[in-house]
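S.K.: Numbering (our numbering), first residue to last: 140 to 182.
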Amino acid sequence: MATISKNVEDNYRVFLTMEKSMSENTVVAYIRDLHTLSEYLDG
140 MATISKNVED NYRVFLTMEK SMSENTVVAY IRDLHTLSEY LDG
């Protein structure tokens, strides 16, 4: 199962917030979607 480490997730959240000027809630939702997608792909 492709799990995203907490550290990577935190760095990615910071990156998205800074680079894309996304709100915290949007970033959290986006990361949640990534988790859902990775679980789906893993079957």
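Ideal Cβ placement from N, Cα and C applies to all residues, glycine included.
Could you give the distance in angstroms between the alpha-carbon of Ala-210 and the alpha-carbon of Leu-155?
M.R.: With the chain covering only 140 through 182, there is no way to say anything about residue 210.
S.K.: Report the rounded CA-to-CA distance for Arg-152 versus His-174, giving the unit in angstroms.
M.R.: Counting from 1 along the sequence shown, the entry for residue 152 is found at position 13. Counting from 1 along the sequence shown, the entry for residue 174 is found at position 35. Roughly 13 Å separates the two Cα atoms.
S.K.: Which same chain residues, not among the five before or five after Glu-148, have their C-beta less than 8 Å away from its C-beta?
M.R.: In the sequence shown, counting from the first residue as 1, residue 148 sits at position 9. So the list reads Ile-170, once near-sequence residues are dropped.
S.K.: So the alpha helix (DSSP H) Ser-177 belongs to, where does it begin and stop?
M.R.: As a first step, residue 177 must be located in the sequence shown, where it is residue number 38. Ser-177 -> alpha helix (DSSP H) spans 163-181.
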